[in-house]
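Student:
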Amino acid sequence: MLIGIFNLFKAGEAVASVHVWHWQVSITHEGLLVFRTVLTKASLSIMGLILLSSTTKFPALLRGLQQLRTPRVMIVTLSFAYRYIFVLVDEAMRMRRARDSRNFGGKRVWQMKTVGNMVGTLFLRSYERGERVYT
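Per the working numbering, residue 125 is the first one in the sequence shown, and the count goes up by one each step.
Here it is in structure tokens:
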């Protein structure tokens, strides 16, 4: 959608015009048509992707990508990401449970600092785990 927004200003019959600093910016009829087309295609693509991913198991999606001759590196990367996202979520839940057992109350600034430290620790733990898997 962000890319399609620039199509609003393409050459053609002006529908609306705004003066911005030293420039005259015009939204054109042709630009609106192209923007609508891009937005429709993007929305349909996202809905199709959501439908496909919610009705098909991930290993079947990977097999489909393999049959479409997607590069093996990409398939392996997706496979590792899918496998380790659950490990990362499990680690985050353990850290949250530990935080809650230590009475997470206090002022808002203290809570934000604690959450920031937890996120940093989570990234370090996931990096170290990735290094252990790699070696």
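Note that CB positions come from ideal geometry on N, CA and C, so glycine has one too.
(1) Could you check if GLY155 is buried or exposed, using at least 16 other CB atoms within 10 Å of its CB as the buried criterion?
(2) Alpha carbon to alpha carbon, how far is VAL197 from HIS153?
(3) Would you kindly work out how many angstroms separate the C-alpha atoms of GLY254 and VAL162, rounded to a whole number?
(4) Evaluate PHE159 with the Cβ neighbour count: other Cβ atoms within 10 Å of its Cβ, from every protein chain shown; 16 or more gives buried, anything less gives exposed.
(5) Return helix, strand or coil for THR152, following the three-state DSSP convention.
(6) Could you spell out the range, first to last residue, of the beta strand (DSSP E) harbouring ALA66?
Tutor: Considering the structure as presented:
(1) The residue you call residue 155 lines up with position 31 of the sequence shown. GLY155 should be labelled buried.
(2) As a working note, residue 197 is residue 73 in the sequence shown. As a working note, residue 153 is residue 29 in the sequence shown. Their backbone Cα atoms lie some 44 Å apart in a straight line.
(3) The residue labelled residue 254 in the question sits at position 130 within the sequence shown. The residue labelled residue 162 in the question sits at position 38 within the sequence shown. The alpha-carbon atoms of GLY254 and VAL162 are separated by roughly 39 Å.
(4) The sequence position of residue 159 within the sequence shown is 35, counting from 1. Of the other Cβ atoms in all chains shown, 16 or more fall within 10 Å of the Cβ of PHE159; this residue is therefore buried.
(5) On the sequence shown, residue 152 is found 28 positions in, with the first residue counted as 1. In this structure, THR152 counts as strand in the three-state DSSP scheme.
(6) Only positions 125 to 259 of the chain appear in this structure, which leaves residue 66 out of reach.
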